[in-house]
Every structure is written in C-alpha cells, then in structure tokens.
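Heads up: the sequence shown is residues 136 to 379, going by this note's numbering.
Where is the CB? At the ideal position from N, CA and C, for every residue including glycine.
Remember, it's a predicted structure, so these values are computed and weren't measured experimentally.
Heads up, the thing below is written out as structure tokens.
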Amino acid sequence: MALSPLTEQEAEARPEPSEALAVEKLTVYRARLPVVRDITLRVRPGGALGVLGRNGAGKTTLLEGIMGLLDAEGQIRLAGDNLAPAPAWVRARKGLALVPQGRQLIPGLTVEQNLRLAWLAPLGNGPVLDVYQLFPALSRLLKRKAGVLSGGEQQQVAIGRALLRRPTVLLLDEPTEGLAPAVVNEITAVLKRLMAAGLTLVIAEQHHHVVTEICAEFVVLRGGEVAAQGVTESALLEQYLSTL
Numbered sequence: 136m137a138l139s140p141l142t143e144q145e146a147e148a149r150p151e152p153s154e155a156l157a158v159e160k161l162t163v164y165r166a167r168l169p170v171v172r173d174i175t176l177r178v179r180p181g182g183a184l185g186v187l188g189r190n191g192a193g194k195t196t197l198l199e200g201i202m203g204l205l206d207a208e209g210q211i212r213l214a215g216d217n218l219a220p221a222p223a224w225v226r227a228r229k230g231l232a233l234v235p236q237g238r239q240l241i242p243g244l245t246v247e248q249n250l251r252l253a254w255l256a257p258l259g260n261g262p263v264l265d266v267y268q269l270f271p272a273l274s275r276l277l278k279r280k281a282g283v284l285s286g287g288e289q290q291q292v293a294i295g296r297a298l299l300r301r302p303t304v305l306l307l308d309e310p311t312e313g314l315a316p317a318v319v320n321e322i323t324a325v326l327k328r329l330m331a332a333g334l335t336l337v338i339a340e341q342h343h344h345v346v347t348e349i350c351a352e353f354v355v356l357r358g359g360e361v362a363a364q365g366v367t368e369s370a371l372l373e374q375y376l377s378t379l
C-alpha cells in the first residue's frame with residue numbers, strides 16, 4: 136500500500152527544521168484535572184526519544200495530549216509549526232500519528248479493512264513506506280479478522296495503519312506491551328528501520344531495554360512531571376533504572 140512520494144520540487148522547497156517535535160511547558164488534562172504538568176521535551180529529525188515511567192506516571196496522557204486527543208495548555212511545535220490550538224485531524228495532516236496503547240483495532244474488521252481506516256484521516260507528508268515489506272506477515276493475514284490475531288500481529292497492524300498516514304513524527308504508546316521477546320525484537324528492528332527512513336519517534340515504554348537500544352535521549356515521568364531527562368548512555372539513566 137504505497138502512496139505517491141513528494142515531487143523533487145516539493146522536497147527541495149521544504150526547509151530542514153532543527154527540531155522535528157518540540158513541546159514546551161505542556162500541561163494535559165483528563166476530566167478537567169491536570170494529569171501531566173509543565174512538560175518540556177525536544178526531538179531532532181530522524182531521532183528517537185524514550186518516555187519512561189511506571190504505570191500511572193502519565194506516559195499515555197502525554198502522548199494523547201501531543202496528538203490533540205485531550206485538552207492541553209502549552210506549546211507543541213511540529214517542524215516549527217505551532218500545533219497547540221489545532222484539533223487532532225489537523226495534527227495528523229501536519230504529520231503527527233499515534234500508535235495507541237492496546238492497539239485499538241476494530242476486531243470485527245479484517246486486517247485489510249483496519250489498514251484502510253488510515254485513509255479516512257488526513258495524510259501527512261512523511262516518507263512513503265511499504266507496510267508489507269516492513270511486516271511481511273500482514274500480506275497473508277489481510278482477510279483475517281483483527282480480533283483473532285496474536286498480540287504481535289495486532290501490533291504490526293496498528294503500526295502499519297499509522298504509517299499509512301505518512302507521518303513525520305510517530306508517537307508509540309507501549310509498542311512492546313505484552314509481547315513475547317522474539318516479537319519485541321522484531322518490533323524493535325522495524326522501529327530502527329523507520330528511523331533510517333527519516334521518521335522521528337517518541338516511544339513511551341516500560342521496557343527500558345527497548346529505549347536504550349533505539350533512543351538517543353530519554354525523559355522519565357513520575358507523578359505526571361519530569362523526574363529526569365538526558366542521553367540514554369548517561370549515568371542519570373542508570374540511576375533511574377536502579378530504582379525500578
């Protein structure tokens with residue numbers, strides 16, 4: 136399911152931003168209550184940021200706030216454009232996509248139908264990727280109902296659906312949750328290929344080894360606030376991991 140790429144003239148006309156995604160002093164609300172507060176983070180183009188934290192730390196709320204699914208205050212810039220006032224569909228058109236926790240597929244629809252749902256949302260101007268090349272198993276599962284797939288297969292569909300929207304920045308909420316180690320390795324390898332293709336990733340994870348393998352930088356959430364942030368090879372991350 137490949138889409139037509141940018142023309143050479145379009146590609147040349149696009150300035151190269153220093154930050155693919157910048158979030159400044161972001162507070163995100165659920166039921167009018169602030170759940171994550173005063174979050175600031177930045178991700179360079181083609182880079183990956185890991186968002187670490189225990190259950191309830193605010194990882195999902197942060198990603199949903201960036202995507203525009205929850206009320207929020209603060210700055211959200213995608214390649215320099217301020218998205219903070221924009222609804223989720225505008226953010227999708229600008230190049231933001233979310234792979235939600237729990238996959239959120241429609242179980243009664245086939246794999247093919249779930250993938251085609253991507254085209255109901257506005258498309259971004261990110262790289263054109265062949266999801267069947269990234270996930271060869273999907274080509275033989277197209278007519279199978281999503282509800283009967285394994286967790287790993289469902290995650291492949293969820294990531295593939297997001298990629299069909301042609302994002303430039305991909306938000307992934309617990310992409311390896313509940314998966315067997317072999318499947319975690321497969322997903323990790325695909326995420327590395329996405330970065331090589333130019334995508335920027337923000338990965339919320341409890342599995343710290345996924346973050347250390349993929350991400351150059353990390354942020355730790357605790358109680359809805361930033362408890363630590365830095366580069367993944369730093370002693371600061373080791374100090375955080377020692378408390379788990």
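Pair within 7 Å by beta-carbon distance, residue i and residue j
i	j	result
Glu360	Arg165	no
Gly295	Leu250	yes
Arg300	Ala332	no
Val234	Ala293	yes
Leu156	Val304	yes
Pro302	Ala232	yes
Thr162	Gly209	yes
Asp308	Ala272	no
Thr175	Glu154	no
Phe270	Gln291	yes
Gly286	Leu314	yes
Val355	Leu187	yes
Gly259	Gly230	yes
Leu372	Phe353	yes
Leu277	Glu247	yes
Three-state secondary structure (DSSP) of residue i
i	result
Gly209	strand
Lys280	strand
Val263	coil
Thr303	coil
Glu154	coil
Thr245	strand
Thr335	strand
Glu360	strand
Glu288	helix
Ala232	strand
Leu255	helix
Gln374	helix
CA nearest to the CA of residue i, picked from the options
i	options	result
Gln268	Leu329, Val178, Glu352	Leu329
Glu183	Thr367, Thr162, Cys350	Strictly speaking, residue 183 in this sequence is Ala, with Glu absent from that position. Among Thr367, Thr162, Cys350, the Cα nearest to that of Ala183 is on Cys350.
Ala317	Glu340, Glu288, Thr303, Leu298	Glu288
His342	Ile322, Gly358, Leu334	Ile322
Ala207	Leu213, Asp216, Ala214, Thr196	Thr196
Asn190	Gln374, Ala363, Arg357, Glu373	Arg357
Leu240	Leu284, Gly230, Asn320	Leu284
Val263	Ala256, Glu247, Leu298	Leu298
Thr367	Pro180, Gly185, Val178, Pro169	Gly185
Arg402	Glu312, Pro222, Leu277, Gln248	Nothing about residue 402 can be read from this structure; the chain reaches only from 136 to 379.
Pro257	Pro222, Gly181, Arg275	Pro222
Paired residues, beta bridge with residue i - DSSP
i	result
Phe353	Gly185, Gly365
Arg165	Leu168
Asn217	Arg212
Glu340	Leu187
Val325	Its beta-bridge partners do not exist; DSSP assigns none.
Leu176	Val158
Any non-hydrogen atom of the ligand SAH within 6 Å of residue i CB
i	result
Leu233	In the structure on display, the ligand SAH does not appear, and there are no ligands present to speak of.
### Task
Taking 8 Å as the threshold, find out whether the stretch 199-207 comes into contact with the stretch 216-226 through three or more Cβ pairs.
yes
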